[in-house]
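Chains as they are written, first to last, in full-length UniProt numbering: chain A, 1 to 482; chain B, 1 to 482.
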């Protein structure tokens, strides 16, 4: 235990040393650290010795070395939009946040090479817009894209709505620049599409949530911009039909389907609670809804493809009702239901958010079983299941009654999570499909981690970060090699 | 040094111990090891203490443990079709080949889940055929597919002709089962499409060429079988036009292009030398040829797409002449030029084979520069450049006059390689786009390896295989931790 006075003295010393090593311009302390030490949902507020804001890769290297020299550890942070506390310090007196927000330069967009090189701190939507101005497309698309930063996307191997066609972030990455725990720079920003020179080291940093190093820049694949997009909202008689429809669409629409999201009937209610004047696109009520998008460029007539596909499946009864957006504005409105549903949930107060994946063929069964288990255990809570059918990824959220006392709400959230995870384990599913582990899911991850994996992860971590400088407490708790 | 007599006695002892530990059924010795100790091209013949042929994952684990207990190291082998000596022992008195050929079972094909689980020893074409019988498609396609085995494809991160649409083997893998250097089993055969539970350990084994463990089974993504395929052979006025055409096709044909190969005029000459009665599909002579394939399933009319695309680019003069295959047999014949060209090269005797990648936008420049450099340095040799435009991957092969003495041929091959690599280095390209490093390319890889990477690779190797049991001499030479 350190007395308060000792702690304060040490804090002053740390601040002085960091400013000395890096210059005052790079170092935030005091009240200014607060916004870097609150998570996206506002559930957790913590602190840090300082926040360092490097302007270059060399600054990042110097920052890591300065922290290591002081015996401080490092929590790398991008847009701070993560959902699992991967970038939220949990040991304020001994952790320093390194924010990449000032390293936001797009170093190169090369349309002829179908590639770009971008720094970790660039906001995803700004990068997507810049790429679009060159007639190209960077497929990563997720709710937080106006705030999240590309380095965080890489470090969490972000998913989103276009995964079924373009893959996770991992599949979009051609190369990485990483500052390693010892402050050396891994310089791997090649844009080669194929490179089988030995073990592909960049893979270990993708999805590592900053536990093995700090991603400072990324080279990525680009595709031609899809100048035709067809969006449809469909009413179905059962979630099983959504799975069957996906399989059918996967075949009939070749590889041109770019999104296939399912939503429950409650989606419209929740969306209206958030956006009251949102027009209702389908008249009837259906047990399941699908938001489907086909897109492409060039000589394929995407709208015609959507019309012929829906014509066939509606005639067969696989789809009960549907509407195809006739304009970009209408397509935007259809997506607003999907997004408004999330806002509506937030308005109902604290609730359980999950991020589950199961084998695609078992998605409907899992949702049925898990919702039934929650209903039996917590009859006063409301289930909201939605997600990405093509990826077997469901966000089964559970909303407790909002008029309960905070501790009762917390108890229901905890109980709901346990009930859902118990069902999930029988499906051999994942407790984190796309959000990562961070600190929030560490106990559930840790409890399910097979010994062989733990041994490999420990070997990997201690080989690359023997003094445990990088993001301790994230993903797993390791013990320092003595 | 061991005397011959000591060596023979030790060999007998090893054989006895391996049979004792594993049973005679699993152990081949004497003359029977020969076919496992010759490389695919027949350039290298070596030997091994024994060849072990496990029938199960547990057998593989027992085999690894038995070898380690005897102080022997292990060279894992699939179909032995590799081109870089990754599966060819180089220390016959201390290495054991573990062949996966008996682990050839397809454990599951689940069309509803778009996935399959297959053992490492399954021959690629047999797996593709089995998948096709379920109406599905496994996209990996390469010349050796009738002999190579899926575990080798994973361990070398195999490429091939469909990479531009479906990615390298890495992008097709959902999960792995691996026997680790200590004989424990990494059990990761999930078929989840999305799984962000911590660092993705399977990635380190893909492309590791058996240096970190032995892949014993794989779960992979399947896609619907493309029941429409349009194949065209095109004559172009320059290789630059091939690059421009690719960019155009990438946009106009959405993501439906599945192959885009370029070939030199000499391709037809070489193919005819191998297959004399092959019909000539295009009448004129052109400086560059492209073999292009578009494919898909369902509602998109693929032939119509190809016709409209070629109509436009021929009118614009980007393509000088072209033929679209009107039947499967005709499409097969067009591909025979591509394959016959390789056979024709083999018939001309020993020659340099390269496997180079450069940024896509610089492919034509590189071929021009590298061919000019070879022509200047070796005026009596013939250049043959062909490859995968969409991946920036060129096989620039150099054929010495076949009537030279063997040592003069070897000298020209060595010289050609040096000349090409010197040009390649100025392009920041890769000496191994898709074949791997193995033992053949180790010196060239080693000479170009940045210190930061070497340190990371050493840390990784010694963390996972501290006693250097797994495939020593492949990729890099490591020194045992003392």
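Just so it is clear, CB atoms sit at the ideal spot from N, CA and C, and this is done for glycine as well.
None of the values given here were measured: they were computed from a predicted structure.
- Would you identify the three-state DSSP class for residue 174 (chain B), choosing helix, strand or coil? strand
- Message: Could you give the first and the last residue of the continuous beta strand (DSSP E) run that contains residue 307 (chain A)?
- Response: Not the beta strand (DSSP E): residue 307 (chain A) falls in the alpha helix (DSSP H), residues 302-315.
- Query: Taking a cut of 8 Å between CB atoms, which residues from the stretch 191-203 of chain A lie near chain B?
  - Reply: 191, 192, 193, 194, 195, 196, 197, 198, 199, 200, 201, 203
- Message: So within the stretch 245-275 of chain A, which uninterrupted alpha helix (DSSP H) runs reach at least 4 residues, ignoring any that extend past its ends?
- Response: 266-274
- Please name the residue or residues paired with residue 28 (chain A) in a DSSP beta bridge. A:51
- Item | 8 Å contact criterion, which residue 384 (chain B) and residue 345 (chain B) should meet: CB distance rounded | 6 Å
- Message: Once DSSP output is grouped into helix, strand and coil, what is the label at residue 328 (chain A)?
- Response: helix
- Rounded to the nearest angstrom, how far is the Cβ of residue 263 (chain B) from that of residue 289 (chain B), given a contact under 8 Å? The C-beta distance from residue 263 (chain B) to residue 289 (chain B) rounds to 4 Å, short enough to meet the 8 Å contact threshold.
- Reduced DSSP category for residue 121 (chain A) - H, G, I as helix; E, B as strand; rest coil: coil
- Item | Beta-ladder partner(s) of residue 497 (chain B), from DSSP | As shown, chain B starts at 1 and ends at 482. That puts residue 497 (chain B) outside it, with no answer to give.
- Task: Tell me where the alpha helix (DSSP H) around residue 43 (chain A) begins and ends.
- Result: Run containing residue 43 (chain A): none; DSSP gives neither H nor E here.
- Message: Tell me which residue opens and which closes the alpha helix (DSSP H) that residue 204 (chain A) is part of.
- Response: 202-205
- Task: Below 8 Å CB to CB, which residues in the same chain sit around residue 473 (chain A) once its five sequence neighbours on both sides are set aside?
- Result: 90, 91, 439, 442
- Message: Under 8 Å, Cβ to Cβ, is there at least one residue of chain A near residue 286 (chain B)?
- Response: Not a single C-beta of chain A is nearer than 8 Å to the C-beta of residue 286 (chain B).
- Could you spell out the range, first to last residue, of the beta strand (DSSP E) harbouring residue 99 (chain A)? Unbroken beta strand (DSSP E) run through residue 99 (chain A): 95-99.
- Can you give me, in chain order, the residues of the stretch 298-327 of chain B that have a beta carbon less than 7 Å from any beta carbon in chain A? The stretch 298-327 of chain B vs chain A, Cβ under 7 Å: 298, 299, 300, 305, 308, 309.
- Query: Listed from N- to C-terminal order along the chain, which residues in the stretch 387-402 of chain B have their beta-carbon within a distance smaller than 9 Å of any beta-carbon of chain A?
  - Reply: 388, 390, 391, 392, 393
- Message: Among the candidates A:75, A:135, A:96, whose CA atom is the shortest distance from the CA of residue 298 (chain A)?
- Response: A:135
- Message: Between which residues of its own chain and residue 60 (chain B) is the CB-CB distance below 7 Å, once the five residues before and five after are set aside?
- Response: 54, 98, 179, 214, 216
- Message: Strictly under 8 Å for the Cβ-Cβ distance: is residue 59 (chain B) near chain A by that measure?
- Response: no
- Query: Going by beta carbon distance, what residues of the same chain come within less than 6 Å of residue 151 (chain A), once the five residues before and after it are set aside?
  - Reply: 78, 100, 120, 215
- Task: Let me know if residue 414 (chain A) comes out buried or exposed under the rule of 16 or more other beta-carbons within 10 Å of its beta-carbon.
- Result: exposed
- Message: Counting C-beta neighbours from all protein chains within 10 Å, is the total for residue 495 (chain A) 16 or more, i.e. buried, or is it exposed?
- Response: In the structure displayed, chain A extends from 1 to 482; residue 495 (chain A) sits before or after that span and is not available.
- Query: Does the Cβ-Cβ distance between residue 193 (chain B) and residue 360 (chain A) come in under 8 Å?
  - Reply: yes
- Query: Taking any Cβ of chain B, which residues in the stretch 110-122 of chain A have a Cβ under 7 Å from it, in chain order?
  - Reply: 110, 112, 113, 114
- Item | Short-range partners of chain B found in the stretch 409-435 of chain A, where Cβ spacing is below 8 Å | Taking 8 Å as the upper bound on Cβ-Cβ separation, chain B lies near residues 428, 429, 430, 431, 432, 433, 434, 435 of the stretch 409-435 of chain A.
- Task: Using a Cβ-Cβ cut-off of 8 Å, state whether residue 484 (chain A) counts as contacting chain B.
- Result: For residue 484 (chain A) there is no data in the structure shown, the boundaries of chain A being 1 and 482.
- Message: Let's test the definition: count the other Cβ atoms within 10 Å of the Cβ of residue 524 (chain A) and tell me whether it reaches 16, buried, or not, exposed.
- Response: Not covered by the structure: residue 524 (chain A). The range shown for chain A is 1 to 482.
- Message: By the three-class DSSP mapping on this structure, what secondary structure does residue 444 (chain B) have?
- Response: helix
- Item | Sequence-distant residues of the same chain with beta carbon closer than 6 Å to residue 76 (chain B), five excluded per side | Apart from sequence neighbours up to five positions away, the residues of its chain that approach residue 76 (chain B) with a beta-carbon distance below 6 Å are 98, 210, 214, ordered along the chain.
- Item | Run of the beta strand (DSSP E) containing residue 109 (chain A), from where it starts to where it stops | 106-110
- Where do the N-terminal and C-terminal ends of the alpha helix (DSSP H) with residue 431 (chain B) fall, by residue? Element bounds for residue 431 (chain B): n/a, residue is neither H nor E.
- Query: Counting contacts by CB-CB distance shorter than 8 Å, is residue 475 (chain B) in contact with chain A?
  - Reply: yes
- Query: Should residue 39 (chain B) be flagged as near chain A, meaning a C-beta pair shorter than 8 Å?
  - Reply: no
- Message: Quick check: is the beta carbon of residue 266 (chain B) nearer than 8 Å to any beta carbon in chain A?
- Response: Residue 266 (chain B) does not count as touching chain A.
- Below 8 Å between beta carbons: does that hold for residue 410 (chain B) and residue 352 (chain B)? no
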